[in-house]
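In our numbering, the protein residues as written are 5 to 236.
Idealized CB from N, CA, C, for every residue including glycine.
Since the model is a prediction, treat every value here as computed from it, not as a measurement.
Structure first, commentary second.
Structure (structure tokens):
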């Protein structure tokens, strides 16, 4: 969708990592009406293809979604695109866990909001994204992730913190988890996730942060505010 060649004049050279209409309202903050009009051009120019792709994602099973992540990773790896840093991003298995935890509806809801007004919604997402996975049969925890996911889509989507893979007999560092998970394995795990906004004693939620939290909860994506009290 991002590199849709049917939209005219949005790619002027082969070195662009995004179409010109994706965030063309960034310099119009003093005029909210114009900013809204221009920053939503990306969506309005592709409403049919975006709607089609969103429905395809929503109709996927959890296993199909994680498999699609693997296939897309293998096909598009190292392709320059806004919001992706192949040098600092997670490996394919970690992304599969994230996709499995958010689920088709969660992924679709977040992507739709970003498509509708990218320049506005790149900011304001919660500070942390927590993920954990368990074996369905034994209940044993097999994966744990604590990350500031999606903190800045325009620069780097993923900034990594420790990832721990717990197994009955071995522990593996996150950077060794490079092999995609197969469908049989995906069907044996149960995933949980949560977005967390961290606030200190004197901090308050910005309007955009509150809107993101409301949106996530409305779309059945767990999201909470963690308030840290000062220590006397």
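Determine the burial state of residue 74: buried for a count of at least 16 other Cβ atoms within 10 Å of its Cβ, exposed for fewer. Answer is buried; the Cβ neighbour count reaches 16.
Identify which residue in 27, 68, 65 has its Cα closest to the Cα of residue 48. 27
Segment contact, 8 Å Cβ cut-off, at least three pairs: the region 88-106 with the region 122-141: Yes: the two stretches touch, three or more of their Cβ pairs being nearer than 8 Å.
Taking the alpha carbon of residue 129 as the reference point, which residue from 220, 53, 94 has its own alpha carbon closest? 220
Between 214, 218, 60, 7, which has its C-alpha nearest residue 107's C-alpha? 60
Please tell me whether residue 96 and residue 77 are closer than 7 Å, where the distance is taken between their beta carbons. In this structure, residue 96 places its C-beta atom within 7 Å of the C-beta atom of residue 77.
Going by C-alpha distance, which of 208, 69, 216, 231 is nearest residue 4? Because the chain here runs from 5 to 236, residue 4 falls outside it and cannot be looked at.
Are the CB atoms of residue 113 and residue 17 within a distance shorter than 7 Å? no
Cβ distance (whole Å) where residue 185 is taken to contact residue 228 below 8 Å: So it is not a contact: roughly 28 Å between Cβ atoms.
Can you grab the Cα-Cα spacing for the pair residue 162 / residue 118, in whole Å? In this predicted model, residue 162 has a pLDDT of only 34, less than 50, meaning its place in the structure is not dependable; the value taken from the coordinates is given anyway. For residue 162 and residue 118, the distance between alpha carbons rounds to 16 Å.
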